[in-house]
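Heads up: the protein sequence lines correspond to chains S and Z, in order. Going by this note's numbering, the first sequence opens with residue 6, and the numbers climb by one from there. Going by this note's numbering, the second sequence opens with residue 44, and the numbers climb by one from there. The block underneath contains the structure these notes are about, expressed in structure tokens.
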Amino acid sequence: MTVSRDLMRHVHGWLLLTPAAILLIAFTHYPMVATLIDSFYSKGSAIRPSRFVGLGNYDSMMADPIFWKVLVNNMWFALGTIPVSIALAISMAMLVNQTLPGRSFLRMAYFTPTILPMIAVANIWLFFYSPYIGLIDQIAGWFGLPGHNWLGDPDTVLPAIIVMTIWKEAGFFMIFYLAALQHIPPELREAARLEGATRWYFFRRVLFPLLMPTTLFVLINAVLNSFKLVDHLFVLTKGGPDNASNLLLYYIFESAFSYFDTNYAATLTVVLLALLAVMALAQFFVLDRRIHYR
Amino acid sequence: MPGIEIRNLVKQWEAFRAVDDVSFDVPQGSLTVLLGPSGCGKSTILRMIAGLEDVSDGTVAIGGRDITRQDAAQRGVSMVFQSYALFPHLNVRENILFGLKVRRVAKADQETRLAEAAALVGLEELLDRMPAKLSGGQRQRVALARTIVSSQPVCLMDEPLSNLDAKLRAEMRDEIHRLQRKLKLTMVYVTHDQTEAMSMADEVVLLKDGRIEQIGPPAALYETPETAFAARFLGMPPMNVMPMDKFSERTGLGGMVPDAPANWRLGVRPEKIHISEQGLPVVVDAVDYMGAETVLRVHSGPLELMARIDGRALVEPGDELRLSWAPADIHMFDDRGKRRDLDRSETN
Ligand SMILES: Nc1ncnc2c1ncn2[C@@H]1O[C@H](COP(=O)(O)OP(=O)(O)O)[C@@H](O)[C@H]1O
Ligand SMILES: [Mg+2]
């Protein structure tokens, strides 16, 4: 009696799970496995069908200078965007968490870039960065500085894109910090103040440690975003000039849809997934042990 | 030396006056309780003494030095918050040492002061625990230890016991009182609980709507309340304060109900009322047996009152009996609620 009732419970459980599981397997797990398998095959064409080449694609990837270039670009992109946007997000959150006139307006203003789609953001910044007629060059012109092709110069294109991404992301991260700050009781600040703690001391010894869970969350998101966000490249640079602003995901897109080498794209995708997984796990395990959760 | 003098203190929030012309002294080494209902301005006064809130008008002096505009950290005060304000990411040791580290006290000195404070409040075994793993009473002790290590001469407490259950509250109340006397702290203690005020205070400052209602030692407030509000705020159950015009007839009551204008009120503490052969005829509404005493809630016509009888009173709801009190136990309050002492020769 009890055995069959237990069995029915399991059957019901699985029946409830099945629709979600089918969707997840069909659209997430199967493509991942298929991608992995694809990466072991050569590029097929009308006269030469695709065939198994083992790690051949990986060998050519290791020898591909553009792969290394986009990887290094991506690293600079992550290092340039993440710390600055987190620092900005915390500062903005602390500013708008105070009682000051026009505080809700300021919160809105900081949050606005987040609502805009990346393509729209890129269009706005395209205007900022345009040589001679763009906002930056016009302002520079008032001070007698010469114009500059920010997006056309391999030395300035990546920094230009980094600045734009910070502008876009900091407001988003601010929301999480603001929510976290509002859960920190004001008596803590007062207790510290009575002991003579400066604002900086309080931030360093109390506020920042208490914000660590939020920082971990934001950090993981920011790292993922630095590999996922490439929409702006379509509008601004197409990865150029000379791959100076090309990022891994955009290179995957180019390989698949410009050079029609889906197998090489699959190889790069596997590398991207592995990178993301390793970084997420590392952050989680390394930082988690040092974080105090309330 | 480090007594506190408060003169004409005012706190104004836009149109709202939370603290209105408050003056009192806290002699060195004594414990003053700020007592009053919720929202009467107790915390605001305390926070102005601490320097956490700006003063709108008036002065605060500690040890004869005007500190009204001085930085909170320079005033020589420590504070225990209602929520204890423990840092959740620091263990007990780090919480207690927080202030000493800010002030860069020498390591060896830190350790001796920590050991002393921990021993005083019985926390020696718990120094490595996180606050989340402590009981309410233990958190309270950490907050106390933080105050002790700071060795500030003035200690401010804002309803420190309100988050504890009744039994712990009594225990911690005694402990705080013991520490205050042992360390000779000058203490201002905020509470809305009259039992805490009665049992701890050297002096009580009773507040109502931001103004001082009465100042004095607990016994003085209890025995000679200056206003009807003070009379009802102290004592459990509260004093019966009865409008004179509700006594339908005075015949046979003798000196129990003196001659007074109809808009005055007559006060008698419940414990001063006895069941007797003669006196005010009443009907019993409820009988609350408390063990050592019984509280009777009765009415006489439109008049409702409470009487506290020692031991177990053998009465039931619905019983009719007579209550009496001695003329000496009467408090009279005029139409504005102010105390009026009657001319005794007139009443007798
Ligand atoms: N920051 C503030 N702004 C405006 N009114 C306040 C503020 N803080 C307290 N009050 C008001 O001041 C009065 C006294 O508050 P408080 O001192 O906290 O009372 P208590 O501690 O006696 O309960 C209350 O009516 C409260 O609403
Ligand atoms: Mg209060």
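From the three backbone atoms N, C-alpha and C, an ideal C-beta is built for every residue, glycine too. Since we're looking at a predicted model, the values are computed, not measured.
Looking at S:A271 and S:S44, is the spacing between their C-beta atoms short of 8 Å?
Cβ atoms of S:S44 and S:A271: closer than 8 Å.
Does the region 109-129 of chain S come close enough to the region 192-210 of chain S that 3 or more CB-CB pairs lie under 8 Å?
no
Residue closest to Z:T234, alpha-carbon to alpha-carbon, out of Z:V69, Z:L78, Z:V330, Z:Q183
Z:L78
Proximal residues of chain Z, C-beta to C-beta of S:P190 below 8 Å
S126, A128
Any heavy atom of ligand 1 within less than 5 Å of residue CB: hits in chain order:
Z:W56, Z:A61, Z:S81, Z:G82, Z:C83, Z:G84, Z:K85, Z:S86, Z:T87
Distance cut-off 7 Å: Z:E202 Cβ against heavy atoms of ligand 2:
Indeed, a heavy atom of ligand 2 lies less than 7 Å from the Cβ.
Helix or strand or just coil, what does DSSP make of Z:D245?
coil
Tell me whether the region 84-92 of chain Z and the region 53-64 of chain Z touch, counting them as touching only if at least three CB pairs, one residue from each stretch, are closer than 8 Å.
yes
Anything in chain S within Cβ reach of Z:R156, meaning under 9 Å, just list it in chain order.
Result: empty, since nearest Cβ-Cβ is about 14 Å, beyond 9 Å.
Ordered along the chain, which non-local residues of its own chain (more than five positions away) have a Cβ less than 6 Å from that of Z:G142?
The answer, listed in chain order, is S193.
Got a sec: which bits of the region 206-231 of chain S sit with their beta carbon under 7 Å from any beta carbon on chain Z, in order along the chain?
Y206, V211, P214, L215
Best match in S:R198, S:L221, S:W73, S:E174 for proximity to S:T117 [C-alpha to C-alpha]
Minimum Cα distance to S:T117 is reached at S:E174.
Classify Z:H374 as helix, strand or coil using the three-state DSSP reduction.
strand
Are Z:D328 and Z:V341 closer than 8 Å when you measure CB to CB?
yes
Figure out for me which residue from Z:A369, Z:K227, Z:A273 has the closest Cα to the Cα of Z:M241.
Z:A273
Helix or strand or just coil, what does DSSP make of S:I167?
helix
Best match in Z:V76, Z:K289, Z:G334 for proximity to Z:R216 [C-alpha to C-alpha]
For the residues Z:V76, Z:K289, Z:G334, the minimum Cα distance to Z:R216 belongs to Z:V76.
Thinking C-alpha only, which one of Z:P313, Z:L346, Z:M173 is nearest Z:T374?
It should be pointed out that residue 374 of chain Z corresponds to His in this sequence rather than to Thr. Ranking Z:P313, Z:L346, Z:M173 by Cα distance to Z:H374 puts Z:P313 first.
Please confirm if the region 134-149 of chain S is in contact with the region 103-114 of chain S, defined as three or more CB-CB distances below 8 Å between the two stretches.
Contact between the region 134-149 of chain S and the region 103-114 of chain S is absent, because fewer than three Cβ pairs lie under 8 Å.
How is the beta strand (DSSP E) around Z:E336 delimited, first residue to last?
336-343
Close-in-space but distant-in-sequence residues of the same chain around Z:G179 (CB under 8 Å, 5 per side omitted):
N206, L207, D208, L211
Please tell me whether Z:S66 has its Cβ less than 8 Å away from any Cβ of chain S.
no
Distance between Z:K176 and S:M97 (C-alpha atoms, nearest Å)
33 Å
Need the endpoints of the alpha helix (DSSP H) that S:I91 sits in, please.
In the DSSP assignment, S:I91 falls within the alpha helix (DSSP H) that extends over 70-101.
Since Z:Q55 is in the beta strand (DSSP E), which residue starts that stretch and which ends it?
47-56
Who pairs with Z:M285 in a beta bridge, going by DSSP?
Z:L309
Are the beta-carbon atoms of Z:M122 and Z:L170 separated by less than 8 Å?
Taking 8 Å as the Cβ cut-off, Z:M122 and Z:L170 do not qualify as a contacting pair.
Within chain S, the residues that Z:L95 reaches when beta carbons sit closer than 8 Å:
E195, R198, L199
Closer than 7 Å, Cβ to any Cβ of chain S: which residues of the region 141-165 of chain Z, in chain order?
Correct list: F141, G142, V145, R146.
Under 8 Å, do S:A227 and S:I91 count as touching if we go by C-beta distance?
The answer is yes: Cβ separation under 8 Å.
Considering just the uninterrupted stretch of the beta strand (DSSP E) at Z:P324, what are its terminal residues?
317-332
Rounded to whole angstroms, what is the Cα-Cα separation between Z:R90 and Z:F276?
24 Å
If you measure beta-carbon to beta-carbon, which residues of the region 84-117 of chain Z are closer than 9 Å to chain S?
R90, A93, G94, L95, D114, A115, A116, Q117
Using a 10 Å radius around the Cβ and a threshold of 16 neighbouring Cβ atoms, would you call S:R56 buried or exposed?
exposed
May I ask you to report which of helix, strand or coil DSSP gives S:I296?
coil
The alpha helix (DSSP H) that contains S:A51, what's its start and end?
Here S:A51 belongs to no alpha helix (DSSP H), and DSSP marks it neither H nor E.
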